[in-house]
Amino acid sequence: MRDQEFPLLANGNHNMDQEKLEPPRTRLGALWRRLPSSPAVRNALSATVEFLKPEFLQRKKAAAPRKGNTAWLDGLRGGAALTVCIMHLTVYTHTDMELCYGDRLPNGQLNTSPAALPILRIPFTGGHYSVMLFFVISGYVVPRRLITLLHEGRKDDFVEAVCSAIVRRPGRLFIPVALSTLFLAVVMGHIIALPVPFPFYKSNIVWELYNWFGDMCLFLFYHRFQLLFTWYNFHTWTIPVELRGSLWLFVWLFATHQMATRSRVLLTCAKLFYLVFWTPGGWYSCFFCGMLTSELDLLAESGQVRLPWDGLRNFFIRRPRLRMFVLHLTLLIGLYLACQPSSDGKPREELLGECYGWKTLNRLIPGSYKDGPPNNTHYRWYYLIWAAWFTVVGVKEIPWVRWIFETNTAQYLGRHSFALYLIHGPMIGIFSERVFYLTGVKSPIDLDSFVKFGHLYNKWHDAPWWPFPDGGYAGLEPNFLFCVALSIPLFLYVAELGTKAFDAPSIKTSNWMYRKMKEVR
-7 MRDQEFPLLA
3 NGNHNMDQEK
13 LEPPRTRLGA
23 LWRRLPSSPA
33 VRNALSATVE
43 FLKPEFLQRK
53 KAAAPRKGNT
63 AWLDGLRGGA
73 ALTVCIMHLT
83 VYTHTDMELC
93 YGDRLPNGQL
103 NTSPAALPIL
113 RIPFTGGHYS
123 VMLFFVISGY
133 VVPRRLITLL
143 HEGRKDDFVE
153 AVCSAIVRRP
163 GRLFIPVALS
173 TLFLAVVMGH
183 IIALPVPFPF
193 YKSNIVWELY
203 NWFGDMCLFL
213 FYHRFQLLFT
223 WYNFHTWTIP
233 VELRGSLWLF
243 VWLFATHQMA
253 TRSRVLLTCA
263 KLFYLVFWTP
273 GGWYSCFFCG
283 MLTSELDLLA
293 ESGQVRLPWD
303 GLRNFFIRRP
313 RLRMFVLHLT
323 LLIGLYLACQ
333 PSSDGKPREE
343 LLGECYGWKT
353 LNRLIPGSYK
363 DGPPNNTHYR
373 WYYLIWAAWF
383 TVVGVKEIPW
393 VRWIFETNTA
403 QYLGRHSFAL
413 YLIHGPMIGI
423 FSERVFYLTG
433 VKSPIDLDSF
443 VKFGHLYNKW
453 HDAPWWPFPD
463 GGYAGLEPNF
473 LFCVALSIPL
483 FLYVAELGTK
493 AFDAPSIKTS
503 NWMYRKMKEV
513 R
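Using our numbering, you'd call the opening residue of the sequence shown number -7 and step up by one each time.
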């Protein structure tokens, strides 16, 4: 009977491939064993695995490059990017943490957390300070080769380098933003379609692509007066500022490249004085601060030009202990100014007038920073200019501080700083938001958050294995620090992928664009 019902089993000499009778798992295993035999598939699989592999697991590690004279700047940029990540995790879950220590919070309590103390507050609320560090560092690094060419008298090479920089800089800044936001719009918004608190995706992928294209067109117009960010990543507002500042430096150097070095340096000092004290241009002042510092360092190495302050410089060189004391004091002042209280809701007089140490400093802010609406926030950038500039000078000149930013950890952060800055905002919405709800750091406060995340609320917090108590100082609660400890490693891993996927390719693409432009006749 069995043979009649299943003739294939009764006849062992049938022509059907025996593999078709194997269980599905066995057939899949056989298929998998055959796939690597194809060179194309094998290479694709190998490339995918290599792409996804974290940096610390890379078997073939290239020889570590020699650290150049500006390696410390890479480490400082990496530290600033990490600070931005922690800051956004903090202020996203803690209202008005940026108020000064002892100020009254909206809930009536006093802001007396140790995370609000001067200097200690920088990792938790130092985001704007970190952005100003980005601008000073860019001003130091980006025009450095141009300045070197001018010092060497190679004006033809300088003109070629300026043309190259003007073409390559926009691609270097905007291509990573375009690629990363396109990935968010298509993959995260419609293929994976994971609910996120921001941005609000369109109803279908065609409409999403149209919206992304229009958003990118506005974003690329870096002269616009309205909000500078792309709606797919709110933290990208600094990218148009980076381009504006960089182009301003290129134009300035080109306009003054026929001048003698001494005259150009003195004119740059006058320009910087104008920007700092007579305009609300704090962002762009930082670029000129960085460029001036870079040129003075190059001149100090060569000694080819005498400047009015050389006597003061030589005075401190002959007194190294006094010089180190002044440099440490400069760094300390910079770190204190980096802790400037901030608020988007409180008027300036109410905000700074209630803070010890800031009442007098508030009165010293130039009148140009009062321009704008009653609750304008231009004032917050004035002291951050000095904070960022003093920090860069202090880190550069103090050996033990400079060493910190030349360590492998700092250099790792520096390699992935741009990608880390770009991905941390979306990753907060994709990953950290869920962990905040799971651990009870956040609770649903409206219908939208309840629909998206209500099912996650307190799931870990109420589990028997949950080890952390409730409460604690703001920004230092055990459950919040647990969320940060989970988020940062994932951010760093995704930043590694971002460096490979859109940061490094942007450099090659920008160079290719300039080569092709030169070939056009």
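No residue lacks a Cβ here, since even glycine has one placed at the ideal position from N, Cα and C.
(request) Could you check if SER277 is buried or exposed, using at least 16 other CB atoms within 10 Å of its CB as the buried criterion? (result) buried
(message) Check for me: the alpha helix (DSSP H) holding ALA380 runs from which residue to which?
(response) 372 to 389
(message) I'd like the list of long-range same chain contacts for VAL384, defined as Cβ closer than 6 Å, with 5 residues on each side in sequence excluded.
(response) VAL128
(request) Measure the C-alpha to C-alpha separation of GLY274 and LEU241 and round it to an integer number of angstroms. (result) Taking the straight line from one Cα to the other gives about 15 Å.
(request) Taking TYR121 as the reference, give the member of VAL151, ALA177, PHE382 and ASN35 with the closest Cα. (result) PHE382
(request) Please go through the same chain and pick out, in chain order, the residues whose beta-carbon is closer than 8 Å to the beta-carbon of ILE167, but skip the five residues on each side of it. (result) PHE494, PRO497, SER498, THR501 and SER502
(request) Could you have a look at THR431 and say whether DSSP puts it in helix, strand or coil? (result) coil
(request) State the start and end residues of the unbroken alpha helix (DSSP H) segment that holds GLN403. (result) 400 to 407
(request) Under 8 Å Cβ to Cβ from MET419, same chain only, skipping five residues before and after it: list those, please. (result) Shown here for MET419: same chain residues with a beta carbon closer than 8 Å to its own, the five before and five after excluded, namely SER479, LEU482, PHE483 and VAL486 in chain order.
(request) Identify the continuous alpha helix (DSSP H) that holds CYS278 and give its terminal residues. (result) 274 to 294
(request) Between the Cα of PHE282 and those of VAL297, SER238 and PRO98, spot the shortest distance and give me the residue it belongs to. (result) Just to set this straight, residue 282 is Gly in the shown sequence, not Phe. For the residues VAL297, SER238 and PRO98, the minimum Cα distance to GLY282 belongs to SER238.
(message) So, does the segment 442 to 461 touch the segment 88 to 98, judging by three or more C-beta pairs under 8 Å?
(response) Judged by pairs of C-beta atoms under 8 Å, the segment 442 to 461 does not touch the segment 88 to 98, as fewer than three such pairs exist.
(message) Checking 7 Å against the spacing of the C-beta atoms, do PHE304 and ALA379 come in under that value?
(response) The sequence given here places Leu at residue 304; Phe does not occur at that position. Not in contact: LEU304 and ALA379 (Cβ atoms no closer than 7 Å).
(request) Could you tell me whether the Cβ atoms of GLY421 and PHE190 are closer together than 7 Å? (result) yes
(request) For my contact list, TYR465 and ALA107 are in at a C-beta cut-off of 8 Å; report their separation, rounded to the angstrom. (result) 6 Å
(message) Out of TRP452, GLU389 and TYR361, which one is the CA nearest neighbour of ARG315?
(response) GLU389
(request) Closer than 6 Å by C-beta to LEU220: which residues in its own chain qualify, once you throw out the five before and the five after it? Chain order, please. (result) TRP229 and PRO232
(message) Using only the alpha-carbon positions, how far apart do GLU488 and GLN218 sit?
(response) 32 Å
(message) Quick check: the Cα distance between PHE387 and ARG394, rounded to an integer number of angstroms?
(response) Before going further, note that residue 387 is Val rather than Phe in the sequence given. Taking the straight line from one Cα to the other gives about 5 Å.
(request) Check ARG113 in the structure and name its three-state DSSP category. (result) Looking at ARG113 - three-state DSSP - the assignment turns out to be coil, as it is neither helix nor strand.
(message) Going by beta-carbon coordinates alone, are LEU414 and SER172 separated by less than 7 Å?
(response) Taking 7 Å as the Cβ cut-off, LEU414 and SER172 qualify as a contacting pair.
(request) Rounded to whole angstroms, what's the CA-CA distance from GLU346 to LEU81? Just pull it up for me. (result) 26 Å
(message) Please state whether the Cβ-Cβ distance between SER105 and GLY467 is less than 7 Å.
(response) yes
(request) State the CB to CB distance for the pair LEU405 and ALA73, rounded to an integer number of angstroms; the pair is presumed to be in contact (CB under 8 Å). (result) About 7 Å; that satisfies the 8 Å criterion.
(message) Whole angstroms are fine: how far does the CA of GLY295 sit from the CA of PRO312?
(response) PRO312 and GLY295 have their C-alpha atoms spaced approximately 19 Å apart.
(message) Could you compute how far the alpha carbon of SER360 sits from the alpha carbon of THR271?
(response) 5 Å
(message) Just to confirm before moving on: does the CB-CB distance between LEU91 and PRO339 stay below 7 Å?
(response) Not a contact, by the Cβ cut-off of 7 Å.
(message) Within a Cβ cutoff of 7 Å, which residues of the same chain sit near SER435, ignoring the five residues on either side of it in sequence?
(response) TYR449
(message) Quick check on the burial criterion: 16 or more other C-beta atoms within 10 angstroms. Buried or exposed for ARG507?
(response) exposed
(message) Rounded to whole angstroms, what is the Cα-Cα separation between LEU37 and LEU291?
(response) 52 Å
(request) Run the CB neighbour count on CYS77, radius 10 Å, all protein chains shown included, and call it buried at 16 or more, exposed below. (result) Around the Cβ of CYS77, a 10 Å sphere holds 16 or more other Cβ atoms; the residue is buried.
(request) Would you mind sorting CYS331 into buried or exposed? The rule is 16 or more other CB atoms within 10 Å of its CB. (result) buried
(request) Measure the CB-CB distance between LEU235 and PRO162 and report whether it falls below 7 Å. (result) yes
(request) Pull up the CB-CB distance for PRO115 and THR75, whole angstroms please, since I reckon it's below 8 Å. (result) Confirmed, Cβ separation roughly 6 Å.
(message) Mapping the DSSP letters down to three states, classify ARG137 as helix, strand or coil.
(response) In the three-state DSSP reduction, ARG137 falls in the helix class (H, G or I).
(request) Pull up the distance between the alpha-carbon of ALA411 and that of HIS143, whole angstroms please. (result) 33 Å
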